[in-house]
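Let me begin by presenting the structure, written as structure tokens, before commenting on it.
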Amino acid sequence: MTVIQKKAVNPIAHLSAEDIEIIGKELDAIRDRVLADRGERDARYIRKVIKTQRTLEMSSRAVLLFSLFPPAWIVGTAGLTVAKILDNMEIGHNVLHGQWDWMRDPKIHSTTWEWDHVSPADQWKQSHNELHHRYTNVVGKDNDLGYGIMRVDEDQPWHPMHLGQPLWNLLNAAFFEYGIAAYDMELGDHLKQRKLKDPKFRTKARAVGRKIRRQVLKDYVVHPLLSGPSFLSTLAATFTANLLRNVWSHSVIMCGHFPNGVETFEKTSIDGETRGEWYLRQMLGSANISGSRLLHIMTGNLSYQIEHHLFPDLPSNRYQEIAPQVRALFDRYGLHYTTGPLPKQVASAWWKVIRLSLPNRSDRRQPVAPAPLVSSGTA
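For what it's worth, the numbering used here labels the leading residue of the sequence shown as -17, then goes sequentially.
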């Protein structure tokens, strides 16, 4: 099997097929050690985060009952924003990955959890866990890569409509949870194919509609009404919290797969992919964010996107612990471990969005023969 990377300089030409399978075995060993060590401290961690999030949300909503007063508005909005980020990132995303299913707690389980998000949990799990993580950064297979609305690689044909992708990306950031819901139910594909009456699509659309109604009722009707004279200010506070949560989530996820140094792959590159080659694609197709422990929690530990993509079912609190082992493996095999501070990674991702909205420069349009990353010896 030959993995094709569209680069003039092959980033792993120095690796043999045997090297790649050894890398896979070493990563399996890291995963097995964590699985064998899971226990009470991990359970205490997730329960503490959930308790903190719920306390913060309830107290922030209580403060917003008096949001007519500016100090209460600021404190309540800030608290609600943080609570919503924790709910989506460190709790919802990771619980729905099944990271805590081993606890056998029906209240913290991927089959029962529902989050503060307009995308139903079951639809998100199918599009994210089953598709995105299986086809990480494979152009045309991984719709998380550009969400089907952006050009993400120089070899993709350019069309004038791509000039608008910085605007599309900005709007997607502001209303990210709605963009995710549309993506999860494959709205774009059904619109293109004029299959809006497809029974499966209609079932998904009804489920999304019900979830949106519940979220809107909770955030924009019930709680503002409970605020009485503070109705409008509480409405504005909740909208602001949702907006900030969306922009934060979008930024973190963009940093995971879009900055400079992250690779994209052709559909044919994964034909016959081995375990080691799958691991290698996760290593090359992901990027980290450096920062404090608080930043890691607020990103849902997706600041360790490389480790998350290698081991999506491990408890998120373990990524910081195993990151030095993973990075040492990168160094030992001469691979680039893409990481950087949040501002740098966000700027890098946005620059790529802007750059790819324009036609390729003439030097980029010169034909370059695809370089094989590795060959296992078969045709």
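Even for Gly, the Cβ is constructed at its ideal location relative to N, Cα and C.
Predicted, not measured: the structure shown is a model, and the values here were computed from it.
For L277, the CB contacts under 8 Å within the same chain, skipping 5 residues up- and downstream, are I271, S285 and L324 in chain order.
If you check the CB distance, V134 and T246 come in under 8 Å. For T63, the uninterrupted alpha helix (DSSP H) run begins and ends at P52 to L68, by DSSP. Assignment of P206 by DSSP, reduced to helix, strand and coil, places it in the helix class. Under the three-state reduction of DSSP output, V(-9) falls in the coil class, being neither helix nor strand. Rounded to the nearest whole angstrom, the CA to CA distance from V335 to M132 is 8 Å.
Taking a cut-off of 8 Å for Cβ pairs, the region 160 to 168 and the region 102 to 121 touch, as three or more such pairs fall below it. The Cβ neighbour count for Q175, taken over all protein chains shown within 10 Å, is under 16; the residue is labelled exposed.
In the structure shown, F247 falls within a strand segment according to DSSP collapsed to helix, strand and coil.
Annotated three-state conformation of V100 is coil, per DSSP. Beyond the five residues adjoining it in sequence on each side, D98 comes within less than 7 Å, by CB distance, of K66, D69 and N70 in the same chain, given in chain order.
Setting aside the 5 residues that flank it on each side, P241 is surrounded in the same chain by A269, Q327, S330 and A331, each with a C-beta closer than 6 Å to its C-beta; the list follows chain order. With contacts defined as CB atoms closer than 8 Å, I279 and E72 qualify as a contacting pair. Straight-line measurement puts the Cα of Q302 at about 22 Å from the Cα of I90. When C-alpha distances from L(-3) are compared across M40, D313 and R343, the shortest belongs to D313.
By the Cβ-count criterion, V203 is exposed, with fewer than 16 other Cβ atoms from all chains shown falling within 10 Å of its own Cβ. In the DSSP assignment, the residues bridged to V120 are F247. Taking 8 Å as the cut-off, the beta carbon of I12 is found no closer than this to the beta carbon of L262.
In the structure shown, S(-2) falls within a coil segment according to DSSP collapsed to helix, strand and coil.
Taking a cut-off of 8 Å on C-beta distances, the region 220 to 238 touches the region 195 to 210, as three or more cross pairs fall below it. Per DSSP, the unbroken alpha helix (DSSP H) holding I304 starts and ends at Y301 to R314.
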